[in-house]
Amino acid sequence: MTSDRTLRWSAFGFGVFFALVVALGYIPSLNGGAEHVAMTAGGEHQMLGLYMIGTADDVTHGLTACLFLVAALMSARASRLALIVFGCYYAVDAAIYLVTGVVQARPVMSNLLLNLPHVVISGIMLVLATRGRGSVLAA
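Letter by letter, the sequence shown follows residues 98 to 236 in our numbering.
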């Protein structure tokens, strides 16, 4: 079973990670599409030349960061809940975009690589939250 300390440090680490994801979006040299970085109406940019990021993504990643940091400060139970909730959220997000890529006939490898971060991140969150537990909903 994942220890309480590991759960809290994991939540803290994910909070910092998602905060960095948002911050990276505002470094002009790392992004194409200066409208976003310049804070004009366009809103979307291509982060690291790979991922299209918009305002909704920044809000989602920013809220994820805040909630993980709050959960880490509160308790191991809150950290476990955050890991489960966001693990499921990002897994569903990845599944939706993987299916969308298939429907839009995007190249398979490109589709997989673009969605790989959310697949890996959600998998890690869910493994940390549920490892060694007979019931995920148990305290």
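Glycine included, every Cβ here is placed at the ideal spot set by N, Cα and C.
In the DSSP output, what is residue i paired with across the bridge?
i    : result
I238 : Because residue 238 is not part of the residues shown, which for the chain are 98 to 236, the question remains open.
If we count the other Cβ atoms within 10 Å of its Cβ and call it buried at 16 or more, is residue i buried or exposed?
i    : result
H133 : Note that H133 scores a pLDDT of 48, beneath 50, so its modelled location is shaky and nothing firm can be said.
A108 : buried
A218 : What sits at residue 218 in the sequence shown is Ile, not Ala. Counting Cβ neighbours within 10 Å, I218 comes out buried, since at least 16 surround it.
M222 : buried
L184 : Per the sequence shown, the amino acid found at residue 184 is Gly instead of Leu. Its Cβ being crowded by 16 or more others within 10 Å, G184 is buried.
G112 : buried
T197 : exposed
I193 : exposed
L104 : buried
M98  : exposed
L82  : The shown model of the chain, from 98 to 236, leaves out residue 82, and the question about it has no answer.
A191 : buried
L180 : buried
A162 : buried
For residue i and residue j, which I take to be in contact (beta-carbon distance under 8 angstroms), what is that distance rounded to the nearest angstrom?
i    : j    : result
L160 : A168 : About 12 angstroms separates the two Cβ atoms, so there is no contact after all.
N208 : L225 : Wrong, their Cβ atoms sit about 27 angstroms apart, outside the cutoff.
Inset, instruction - Only counting runs of 3 or more residues, tell me where the beta strand (DSSP E) segments fall wholly within the region 139-220, in order along the chain. - result: Fully enclosed beta strand (DSSP E) runs of 3 or longer: 142-144, 148-150.
Legend entry - Contact the region 111-124 vs the region 144-157: 3+ CB pairs below 8 angstroms: With a cut-off of 8 angstroms, the region 144-157 and the region 111-124 count as touching, because enough Cβ pairs lie within range.
Legend entry - Inter-stretch contact (C-beta, 8 angstroms, three-pair minimum) for the region 172-186 and the region 199-207: No, the region 172-186 does not touch the region 199-207.
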